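Residue numbers (my numbering): 8 to 240. Here a beta-carbon is modelled for each residue, glycine too, at the ideal position from N, C-alpha and C. The structure displayed is predicted, hence computed values, not measured ones. Accompanying notes for the structure given below.
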Amino acid sequence: MFVRKSMRLTIITLLAAALFLTACNMGATPAPTVDINAINTAAVGTAMGQLSAQFTQTALAAPSVTPLPTNTAISLPTFPPPTVNGALPTVSFNTTPLPGFTALPTSAAPAATVSLGDACNNNVFEGDITIPDGTILKPGQDFVKTWAIRNTGTCTWDEGYALVFIGGDKAIDPVNFKFKKKGDFISPSEGVNISISLTAPLAPGKYQGTWRMQSDSGYYFGTPLTVYFEVKK
Numbered sequence: 008m009f010v011r012k013s014m015r016l017t018i019i020t021l022l023a024a025a026l027f028l029t030a031c032n033m034g035a036t037p038a039p040t041v042d043i044n045a046i047n048t049a050a051v052g053t054a055m056g057q058l059s060a061q062f063t064q065t066a067l068a069a070p071s072v073t074p075l076p077t078n079t080a081i082s083l084p085t086f087p088p089p090t091v092n093g094a095l096p097t098v099s100f101n102t103t104p105l106p107g108f109t110a111l112p113t114s115a116a117p118a119a120t121v122s123l124g125d126a127c128n129n130n131v132f133e134g135d136i137t138i139p140d141g142t143i144l145k146p147g148q149d150f151v152k153t154w155a156i157r158n159t160g161t162c163t164w165d166e167g168y169a170l171v172f173i174g175g176d177k178a179i180d181p182v183n184f185k186f187k188k189k190g191d192f193i194s195p196s197e198g199v200n201i202s203i204s205l206t207a208p209l210a211p212g213k214y215q216g217t218w219r220m221q222s223d224s225g226y227y228f229g230t231p232l233t234v235y236f237e238v239k240k
């Protein structure tokens, strides 16, 4: 009897406790429902934020690169063509020697010692004795051209030496002067006047001729001797 009463009391107690707990849970807020999609969205956002932060740190850590300069074209200055006032200058090759060349002296040049030969055979022009350059002659007029020259070599101008016509107008009837006799011989350092007989052409105009000394072996040497004159009626 006592056991039955004890069991009954225990059951009543448990039922009372259960009713009490049930009454307590009825006023409580129900547990929230878990949204799987929200969890996935949050996880993806977190991962993207971490990657963005990592890329930002990497960019900050990388050294800055200075861009290479570009080639800038430089405009060259332009120059206007030269202006020539009047006619262009005329160059005469008869009076203007080319660079690197020395013009041969003529009888019109002042007296000077010019080495146009060798130690043995050489001469220098010292002046015009007759018919200076530019002399005006009549048509057909006979005249004598005389030059003063000096033997500047070490050899005597003896038989076989001559003053020879080497170029010019043949209309002036050029001839050669030959050293034939002892009285004509010219020793070293000795001066002499050499004359050539010529004839002015009949036609008006300007004429010229050139002579040069020649040794007994046919060697031309010394300063060329020239004549320049004009024929007028």
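Report the three-state DSSP secondary structure of residue i (helix, strand or coil).
{"i": "glycine 147", "result": "coil"}
{"i": "glycine 175", "result": "strand"}
{"i": "glycine 190", "result": "helix"}
{"i": "threonine 142", "result": "strand"}
{"i": "threonine 20", "result": "helix"}
{"i": "tyrosine 226", "result": "coil"}
Which residue or residues does DSSP assign as beta-bridge partners of residue i?
{"i": "alanine 155", "result": "Gly134, Asn200"}
{"i": "glycine 212", "result": "Val238"}
{"i": "leucine 123", "result": "Answer by DSSP bridge pairing: none, since leucine 123 is not bridged."}
{"i": "alanine 169", "result": "Lys185, Gln221"}
{"i": "threonine 206", "result": "Asp149"}
{"i": "threonine 233", "result": "Thr217"}
Going by Cα to Cα distance, which pick from the options is closest to residue i?
{"i": "tyrosine 226", "options": "Leu170, Ile193, Phe184, Ser202", "result": "Leu170"}
{"i": "proline 195", "options": "Gly160, Pro139, Asp176, Pro211", "result": "Gly160"}
{"i": "serine 202", "options": "Lys189, Gln221, Val234, Pro211", "result": "Val234"}
{"i": "asparagine 130", "options": "Ile18, Lys188, Thr230", "result": "Thr230"}
{"i": "phenylalanine 236", "options": "Cys127, Asn158, Trp164, Pro146", "result": "Pro146"}
{"i": "valine 199", "options": "Asp135, Ala126, Ile18, Thr20", "result": "Asp135"}
{"i": "proline 181", "options": "Lys189, Lys187, Phe172", "result": "Phe172"}
{"i": "aspartate 165", "options": "Asp140, Thr142, Ile143, Lys185", "result": "Lys185"}
{"i": "lysine 239", "options": "Ala126, Thr142, Asp125, Gly124", "result": "Thr142"}
{"i": "cysteine 127", "options": "Ile18, Phe228, Leu21, Leu232", "result": "Phe228"}
{"i": "lysine 187", "options": "Asp176, Leu205, Gly167, Gly174", "result": "Gly167"}
{"i": "phenylalanine 132", "options": "Ala178, Pro208, Thr20, Met220", "result": "Met220"}
{"i": "glutamine 148", "options": "Glu197, Gly124, Ser204, Gly175", "result": "Ser204"}
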